[in-house]
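Engineer:
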């Protein structure tokens with residue numbers, strides 16, 4: 001039967017192995033990110049949308065951001081899930097089959113207003 005020292009030693013080696021594996025995976029992902037960012041920057045330079053210096057700064061900024069831990073949002077840590085947005089609607093009567101064309105026009109106008117409100121809300125959320 002293994003002694004307590006053997007169990008501690010195996011646990012230590014397991015921890016070191018897991019840390020090494022995680023480090024290798026992170027390094028691989030960062031290298032992949034750098035190559036993709038460089039490829040995108042090279043394409044933008046080729047199209048004339050960006051200079052070579054801007055492309056270098058772009059790739060460096062992306063890599064710096066990728067290596068930073070997640071920042072806090074609204075005083076709380078950023079979660080891995082996106083923020084949920086609840087869409088509320090008024091309880092409106094559904095038009096019956098005997099409605100006239102004006103009811104159909106009202107429905108279209110109401111839908112246009114809802115779309116406009118949603119677009120305004122989306123712009124507001126993007127600014128935040």
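Numbering (UniProt numbering), first residue to last: 1 to 128.
The beta carbon of each residue, even a glycine, is placed where N, CA and C say it ideally should be.
For clarity, every value in this text was computed on a predicted model and none was experimentally measured.
(1) Give me the residue from 13, 50, 66 and 55 with the minimum Cα distance to residue 33.
(2) Determine the burial state of residue 8: buried for a count of at least 16 other Cβ atoms within 10 Å of its Cβ, exposed for fewer.
(3) Output the boundary residues of the alpha helix (DSSP H) element that contains residue 51.
(4) Would residue 41 be called buried (16 or more neighbouring beta carbons within 10 Å of its own) or exposed?
(5) Using a threshold of 9 angstroms, state whether the C-beta atoms of residue 52 and residue 45 are closer than that.
(6) Just the Cα atoms here: how many angstroms apart are residue 127 and residue 30?
Structural biologist: Quick answer:
(1) 66
(2) exposed
(3) It is not in any alpha helix (DSSP H) - residue 51 carries neither H nor E in the DSSP assignment.
(4) buried
(5) yes
(6) 29 angstroms
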